[in-house]
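One structure below.
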Amino acid sequence: MTITAATVSYKELGFVNTSEMFKKAMKEGYAVPAYNFNNMEQLQAIISACVKTRSPVILQISKGARKYANATLLRYMALGAIEMMKEMGDPVPVALHLDHGDSFELCKSCMDNGFSSVMIDGSALPFEKNVELTKQVVEYAHPRDVSVEAELGVLAGIEEHVSSEKSHYTNPDDVEDFVKKTGVDSLAISIGTSHGAYKFKVKPGESIPPLRFDILEEVEKRIPGFVIVLHGSSSVLSSYIEMINKNGGKMEGAAGVPAEQLRKAAKSAVCKINIDTDGRMVMTAMIRKIFSEKPEEFDPRKYLGPARDELEKMYMDKNETVLGSAGKA
Ligand code: G3H
Ligand code: 13P
Ligand code: ZN
58 MTITAATVSY
68 KELGFVNTSE
78 MFKKAMKEGY
88 AVPAYNFNNM
98 EQLQAIISAC
108 VKTRSPVILQ
118 ISKGARKYAN
128 ATLLRYMALG
138 AIEMMKEMGD
148 PVPVALHLDH
158 GDSFELCKSC
168 MDNGFSSVMI
178 DGSALPFEKN
188 VELTKQVVEY
198 AHPRDVSVEA
208 ELGVLAGIEE
218 HVSSEKSHYT
228 NPDDVEDFVK
238 KTGVDSLAIS
248 IGTSHGAYKF
258 KVKPGESIPP
268 LRFDILEEVE
278 KRIPGFVIVL
288 HGSSSVLSSY
298 IEMINKNGGK
308 MEGAAGVPAE
318 QLRKAAKSAV
328 CKINIDTDGR
338 MVMTAMIRKI
348 FSEKPEEFDP
358 RKYLGPARDE
368 LEKMYMDKNE
378 TVLGSAGKA
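Residue numbers for the sequence shown follow this note's numbering, so the first one is 58 and each next one is one higher.
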């Protein structure tokens with residue numbers, strides 16, 4: 058099947074939009090995993106973990122991933138995953154999602170090429186500009202049944218150009234107006250998470266500060282039943298920090314969102330939880346370990362294979378014990 062000519066709808070390719078996924082997640086109190094991928098091993102691990110745990114999944118592709126691996130190749134890889142699941146006779150619902158789209162043109166290009174969901178991230182713009190851009194994307198997406206995620210409030214990390222402490226959190230006073238004006242399907246909010254492996258600065262003996270559940274609760278009151286998304290939700294698992302540091306790496310001070318906080322969020326209106334960093338760290342940890350234990354190894358399959366297996370285990374654990382999405386496909 059050629060998916061480069063003219064435009065192609067995700068429906069022909071076997072993806073689903075996020076509407077049914079989120080309806081069920083909201084009703085049953087769990088969150089759908091949104092895992093990023095940039096390469097084949099990550100994609101294999103995500104698909105295999107979600108098939109084994111019978112979890113729906115949102116496959117996320119960022120602008121950076123498109124630049125790294127080539128947009129067309131990534132799209133065909135996701136399509137390949139769908140075909141592989143069909144052949145195996147055990148497909149789970151998969152949405153193909155653009156992570157942090159930064160322009161109408163990028164969102165349009167993804168929608169025209171088989172994505173079932175896009176994020177338009179206008180969070181760094183003034184409120185009215187964010188509304189305008191998000192609305193433009195929604196107006197193109199909805200006639201095509203494509204889901205749209207937007208963001209209000211700014212996370213640290215890749216959004217670090219905004220430095221004011223106050224502006225990091227979503228203002229609950231803004232959400233109702235934003236959702237009404239844009240017609241968006243889900244909203245990413247900022248309640249203390251951030252992207253990457255260094256989310257909190259904690260001194261030895263100190264504990265990680267809790268997320269701002271008070272903001273989340275206030276948002277839920279203003280837009281009852283509306284789907285909320287959490288970005289920056291990797292836990293930055295200590296076993297992999299240790300494995301990395303033990304094998305020549307240097308990730309001192311890395312800290313993420315404790316699993317308990319994510320479990321609590323998943324039971325609320327948070328129906329999508331984004332995880333990328335944890336996957337990156339698993340791969341790095343395993344490859345470092347193998348390189349230091351077997352310096353003679355030079356066949357990439359001998360280190361990428363075990364890294365992929367470990368990744369699969371980590372994703373299965375997220376679905377089963379953190380997000381609650383296992384068994385919900
Ligand atoms: O939110 C950011 C994701 O982790 C994607 O990161 O832009 O480096 O691919 P990236
Ligand atoms: P992490 O960096 O915490 O994995 O967050 C990923 C993310 O939000 C992707 O959009
Ligand atoms: Zn993000």
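We put the beta carbon where it would ideally sit given N, CA and C, even for glycine. Quantities reported herein were computed from a predicted structural model and do not represent experimental measurements.
Remark: three or more beta-carbon pairs, one from each stretch, lie closer than 8 Å, so the segment 141-158 and the segment 89-106 are flagged as touching.
For Tyr372, no beta strand (DSSP E) run applies; the uninterrupted alpha helix (DSSP H) run containing it begins and ends at 357-374, by DSSP. When DSSP states are grouped into helix, strand and coil, Lys351 belongs to the coil group. Per the coordinates, the alpha-carbon of Ala254 lies some 6 Å from the alpha-carbon of Ala312. Selection Lys303, Glu309, Gly210, Asp271 evaluated against Phe257 yields Glu309 as nearest (Cα-Cα). Within a 10 Å sphere around the beta-carbon of Met371 sit 16 or more other beta-carbons, which makes this residue buried. Taking 9 Å as the cut-off, the beta carbon of Phe72 is found closer than this to the beta carbon of Gly171. About 12 Å separates the beta carbons of Glu369 and Ser112, which is beyond the 8 Å limit, so they are not a contact pair. In this structure, Asp333 is the residue among Lys359, Asp333, Pro281, Val339 with its C-alpha nearest to the C-alpha of Gly121.
Note on geometry: alpha-carbon atoms of Tyr297 and Met142 lie some 30 Å from one another.
Annotated three-state conformation of Asn170 is strand, per DSSP. Secondary structure at Gly121: helix, using DSSP grouped into helix, strand and coil. Glu299 has its alpha-carbon roughly 15 Å from the corresponding atom of Pro261. Annotated as distal: Glu189 and Val286, with beta-carbon spacing of 9 Å or more.
Cβ-Cβ separation between Ala152 and Ser180: approximately 21 Å, too far for a contact (criterion under 8 Å). DSSP, read as helix, strand or coil, puts Glu377 in helix. Proximity of the segment 312-328 to the segment 264-276 meets the contact definition, three or more beta-carbon pairs being nearer than 8 Å. In the three-state DSSP reduction, Gly336 falls in the helix class (H, G or I). Counting along the chain, Pro229 sits inside the alpha helix (DSSP H) bounded by residues 229-239. Three or more Cβ pairs closer than 8 Å define a contact, and the segment 288-296 meets that threshold against the segment 330-345. Residues of the same chain with a CB within less than 6 Å of the CB of Thr129, apart from the 5 flanking positions on each side, do not exist. Put simply, of Val194, Met134, Asp169 the residue whose alpha carbon is nearest the alpha carbon of Phe161 is Val194.
The continuous stretches of beta strand (DSSP E) do not include Tyr87, and DSSP gives it neither H nor E. Within the model, the alpha-carbon separation for Cys167 versus Thr378 is close to 32 Å. In the DSSP assignment, Ser112 falls outside any alpha helix (DSSP H), carrying neither H nor E. Counting along the chain, Glu208 sits inside the beta strand (DSSP E) bounded by residues 204-209. For Ser290, there is no enclosing beta strand (DSSP E), as DSSP gives it neither H nor E.
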